[in-house]
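J.: First residue of the sequence shown: 35, per the UniProt record's numbering; consecutive thereafter. Below: one structure in structure tokens.
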Amino acid sequence: VDREGITWGKAPCRFCGTGCGVLVGVKDGRIVATKGDPAAPVNKGLNCVKGYFLSRILYGKDRLTTPLIRKGDKFEEASWDEAMELIARKFKESIAKYGPDSVAIYGSGQWTVFEGYAASKLFKGGIGTNNVEPNARLCMASAVTGFMSTFASDEPMGCYDDLDLGDTYFLWGANMAECHPVLFSRLIDNRLRNPNVRIIDIATRWTRTSQMADQYVPFRPQTDLALLNAIAHVIVKEKLYDEEFIKKHVVFKRGKEKIGYGLEEHSRLFVDDPKPMTFDEYRKFLEPYTPEHVAKLSGVPAATIVELARLYADRGRKVCSLWTMGFNQHTRGTWVNNLAYNVHLLTGKICRPGENPMSLTGQPSACGTAREVGTFTHRLPADMLVTNEEHRKKTAEIWGVPADRIPAKPSLHTTEMFRALDRGDLKVLWVQVTNPFQSAPNLNRFRKGARKGGDRFIIVSDIYPTRSTELADVILPSASWVEKTGMFGNAERRTQHWFQLVNPPGEARNDLWQTLELARRLGHGNLFPYKDVEKEMWEEYRRFGLGQGKDLAPYEAYHAARGLRWPVVDGKETRWRYAEGFDPYVKAGEQIKFYKNKKDEGRAVIWARPYEPAAEAPDPSYPFWLCTGRVLEHWHTGTMTGRVPELKRAAGDAVAELHPDDARRIGVRNGDRVKLTSRRGSLTLPCSIGGRGKSERGSVFVAFFDEAKLVNDLCLDAFCPISGEPDYKKCAVKVEKG
Ligand code: SF4
35 VDREGITWGK
45 APCRFCGTGC
55 GVLVGVKDGR
65 IVATKGDPAA
75 PVNKGLNCVK
85 GYFLSRILYG
95 KDRLTTPLIR
105 KGDKFEEASW
115 DEAMELIARK
125 FKESIAKYGP
135 DSVAIYGSGQ
145 WTVFEGYAAS
155 KLFKGGIGTN
165 NVEPNARLCM
175 ASAVTGFMST
185 FASDEPMGCY
195 DDLDLGDTYF
205 LWGANMAECH
215 PVLFSRLIDN
225 RLRNPNVRII
235 DIATRWTRTS
245 QMADQYVPFR
255 PQTDLALLNA
265 IAHVIVKEKL
275 YDEEFIKKHV
285 VFKRGKEKIG
295 YGLEEHSRLF
305 VDDPKPMTFD
315 EYRKFLEPYT
325 PEHVAKLSGV
335 PAATIVELAR
345 LYADRGRKVC
355 SLWTMGFNQH
365 TRGTWVNNLA
375 YNVHLLTGKI
385 CRPGENPMSL
395 TGQPSACGTA
405 REVGTFTHRL
415 PADMLVTNEE
425 HRKKTAEIWG
435 VPADRIPAKP
445 SLHTTEMFRA
455 LDRGDLKVLW
465 VQVTNPFQSA
475 PNLNRFRKGA
485 RKGGDRFIIV
495 SDIYPTRSTE
505 LADVILPSAS
515 WVEKTGMFGN
525 AERRTQHWFQ
535 LVNPPGEARN
545 DLWQTLELAR
555 RLGHGNLFPY
565 KDVEKEMWEE
575 YRRFGLGQGK
585 DLAPYEAYHA
595 ARGLRWPVVD
605 GKETRWRYAE
615 GFDPYVKAGE
625 QIKFYKNKKD
635 EGRAVIWARP
645 YEPAAEAPDP
655 SYPFWLCTGR
665 VLEHWHTGTM
675 TGRVPELKRA
685 AGDAVAELHP
695 DDARRIGVRN
705 GDRVKLTSRR
715 GSLTLPCSIG
725 GRGKSERGSV
735 FVAFFDEAKL
745 VNDLCLDAFC
755 PISGEPDYKK
765 CAVKVEKG
């Protein structure tokens, strides 16, 4: 308690996967201030502008405070008992009439670990359906399949310390300055201390990141696949690779090459069929990717490609690659992740302080909840899969349910979930902590599908009215952030805990309580027999990872700590995985061991992955690429940040960023309205020329935070067939004067 009577507690930030530590000031039962936590190693007291306004996000005037039930076109207030009774009845009726796969829960990387774990346990272990998905499928799924296919274990070997220790940073399709601003500040700090540091921004649009970079390398959308192969081509041809590292730590494989784009209805996730190959065969695979050939494809000059390859391989420099949605939201998202690892594995620049590849997560617990708890249709906790009998058995044993309760087949991944709702195959959908009817691709179709009637029934738990609550049959008012006790896991494997600091308003309740209440009403209350709910649930959950290289610490260990990076063994966190001296699973003398990949005797895989064109590319009718993304001031669909007047003023409405030459040709000036049309929908909005982001010629960029401008109406629902992650970065549109 300080002199002004404010009590300060710690929590991770509510927003992005950076996981900044925040101090939260409470007075008279309200959050009155927040500030960066100087004791937090992630951010060392710094926050970005969203973090500085955290104290305001819970106090919008239209906060939901009571359950609401749809009556025709209107919603009427209801008691929790009425709402939960109706929900339980709809679940029971649907399961009885259509089977367990007719119901689903769709959550997010903003679920606390407890909420995600409870949802997975109820649906997979209680109801007996694998219809559990997080919105992380739209965000990090390709990073997961990239890690799994290359290293047989999800999540990075490196950590944020690499931002302070490296020399060369390749940013691939990552606008870090706006999407991971605090991490970008660490990078810039490193450069201020060490003038030798170089930041290379390889991207399809010029951003604030490009402005700060030492080199901006624009490339044509989708050709990152070819560029990475060309970099590998040069490294192999000029013998710049680390021969000893390759001999000891690497195997070569190829998978199926023609895998489609997931555009067909009922698309299941593709299971690869890997075949071993030799280094020589890999060398042959790379032959066509000459710098000259790839220069024509990508627009990057051949000399620049050679320069990038030599920089990657420079023995005197520590190299990191960082990426986010440019790689992950990609119809070949798994492949492009594999290709980035290839370059690090060829050069041996991996698992060492200051030299690692890393996918940066978008959401605060995309790692902790979606990936580690395994809230995807195909996953179980600690990297386990529903398709594996041993994994199902182990899970059923910990959960105390019959071994055959968890179905052996994955069911609906996110895009298919919304397709199934439209088709009428999915009847009851519960949405928690996310806003899919603004954030899903091909949104026009899915919004219409949601209100087609019949036996469809949609429940949305949220803290404010959103573009999703407007399509619901029941709206449940939720508690958020420090209105409940929670745990998040960030992008560097850091698990953070916080205690409830204030009460939620009105009758709002946390999503964990809501899930447990449904469980009780469906007769599955025995799955959650806890007295001290969070502590006992955590201790049960952490049994999955112990001894598996995924060890989490006892519950109390997180109370005072500013997070711990797993594996946590004998009370010590791990900074660099697979590395002797850092990772407790690597024995003395082993130096580096990818021990999770038992199939390949502890080696990582270099994959031969070819360039494939995008699912939809510009043509004479739709001559522009459309790319979507985020801006600094707003978090995802803007439901929280849009209610902070200062953030709203700083970035109020979405705009279409155009190249000046294209604007001239269309006949528009800065601020004029333009109409964007794809094969799926259209959107009219002001254009921006020469603003903070600058599109390349033939491209247009629109951020997706603005609930009044649903740019996702235009997006295609093509996805990476291995990860199921849709490509929000590439589809074809025409641009006209609006
Ligand atoms: Fe840190 Fe991200 Fe929160 Fe900004 S939004 S304060 S970068 S965690």
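Even for Gly, the Cβ is constructed at its ideal location relative to N, Cα and C.
The beta strand (DSSP E) spanning K292 covers which residue range?
T.: Looking at the DSSP string, K292 is not in any beta strand (DSSP E), and its letter there is neither H nor E.
J.: With distances taken Cα to Cα, identify the nearest neighbour of N230 among P538, R351, D751 and A404.
T.: Per the Cα distances, R351.
J.: How many angstroms separate the CA atom of E568 from the CA atom of M246?
T.: Rounded to whole angstroms, E568 to M246 spans 43 Å at the Cα level.
J.: Please work out which residues of its chain come closer than 6 Å, Cβ to Cβ, to A264, disregarding the five sequence neighbours upstream and downstream, and give them in chain order.
T.: Around A264: Y323, P325, V328 and I339.
J.: Do G200 and V58 have their C-beta atoms closer together than 9 Å?
T.: Not closer than 9 Å, so no.
J.: Measure the C-alpha to C-alpha separation of T662 and F361 and round it to an integer number of angstroms.
T.: One C-alpha to the other measures close to 13 Å.
J.: Please state whether DSSP places E624 in a helix, a strand or coil.
T.: E624 falls in the coil class under three-state DSSP.
J.: Mapping the DSSP letters down to three states, classify L446 as helix, strand or coil.
T.: Note: L446 maps to coil in three-state DSSP.
J.: Is H214 near the ligand SF4, in the sense that its beta carbon is under 8 Å from a heavy atom of that ligand?
T.: Indeed, a heavy atom of the ligand SF4 lies less than 8 Å from the Cβ.
J.: Any heavy atom of the ligand SF4 closer than 8 Å to the Cβ of C754?
T.: No; taking the cut-off as 8 Å, the Cβ of C754 has no heavy atom of the ligand SF4 nearer than that.
J.: Check whether the Cβ of C401 lies closer than 8 Å to any heavy atom of the ligand SF4, and answer yes or no.
T.: No - the ligand SF4 has no heavy atom lying nearer than 8 Å to the Cβ of C401.
J.: Give the straight-line distance between the Cα atoms of T368 and E431, rounded to the nearest whole angstrom.
T.: Rounded to the nearest angstrom, the two C-alpha atoms are 32 Å apart.
J.: So the candidates are K486, G159, W515 and D258; which of them puts its Cα closest to the Cα of K427?
T.: The option with the nearest alpha carbon to K427 is G159.
J.: Report the option in L717, G523, G686 and A638 whose CA atom is closest to the CA atom of T52.
T.: Minimum Cα distance to T52 is reached at G523.
J.: For the ligand SF4, any of its heavy atoms closer than 8 Å to the Cβ of R48?
T.: Checking every heavy atom of the ligand SF4 against the Cβ of R48, one is found closer than 8 Å.
J.: Report yes if the CB atom of K771 is closer than 9 Å to the CB atom of D706, and no otherwise.
T.: In this structure, D706 lies closer than 9 Å to K771 by Cβ.
J.: According to DSSP, is M521 part of a helix, a strand, or is it coil?
T.: In this structure, M521 counts as strand in the three-state DSSP scheme.
J.: Which residues in the same chain as A73 place their Cβ atom closer than 6 Å to its Cβ, once the five residues preceding and following it in sequence are excluded?
T.: Here the set comprises R596.
J.: According to DSSP, simplified to helix, strand and coil, what is F658?
T.: Three-state DSSP puts F658 in a strand.
J.: If we ignore side chains and look at the alpha-carbon of each, how far apart do S136 and L460 end up?
T.: Using only the alpha carbons, I get a separation of about 5 Å.
J.: According to DSSP, is L356 helix, strand or coil?
T.: Strand.
J.: If you draw a straight line from the alpha carbon of T241 to that of K728, how long is it in whole angstroms?
T.: About 6 Å.
J.: Considering only heavy atoms of the ligand SF4, does any lie closer than 8 Å to the CB of L356?
T.: Checking the Cβ of L356 against the ligand SF4 gives no.
J.: Do R599 and R527 have their beta-carbon atoms positioned less than 9 Å apart in this structure?
T.: Yes, the pair counts as a contact, with Cβ atoms nearer than the cut-off.
J.: Is the beta carbon of I233 closer than 9 Å to that of L262?
T.: Contact: no.
J.: Starting from P679 and walking both ways along the alpha helix (DSSP H), at which residues does that stretch end?
T.: Element bounds for P679: P679 to A684.
J.: Do V462 and K124 have their CB atoms nearer than 9 Å?
T.: Yes, they are a contact pair.
J.: On the DSSP bridge list, what partners appear for Q249?
T.: DSSP lists I234 as partners of Q249.
J.: Looking at K84 and the ligand SF4, is the gap between the Cβ and the nearest heavy atom below 8 Å?
T.: Result yes, Cβ under 8 Å from the ligand SF4.
J.: Are the segment 478 to 494 and the segment 648 to 659 in contact at 8 Å, needing three or more beta carbon pairs?
T.: No contact exists between the segment 478 to 494 and the segment 648 to 659.
J.: According to DSSP, is H558 helix, strand or coil?
T.: Coil.
J.: Any Cβ of chain D within less than 9 Å of the Cβ of A130?
T.: Protein chain content of the structure displayed is limited to a single chain, and chain D is not contained in it.
J.: Are residue 848 and E110 close, meaning C-beta to C-beta below 9 Å?
T.: A question about residue 848 goes unanswered here, because the residues of the chain that appear run from 35 up to 772.
J.: Restricting to Cα atoms, I'd like to know which of C749, A237, I497 and M191 is closest to G94.
T.: Nearest of C749, A237, I497 and M191 to G94, Cα basis: I497.
J.: If you draw a straight line from the alpha carbon of E646 to that of N81, how long is it in whole angstroms?
T.: If you take the alpha carbons of E646 and N81, they lie about 39 Å apart.
J.: Could you tell me whether any non-hydrogen atom of the ligand SF4 is closer than 8 Å to the CB of A54?
T.: Checking the sequence, you will find Cys at residue 54 rather than Ala. The answer is yes for C54.
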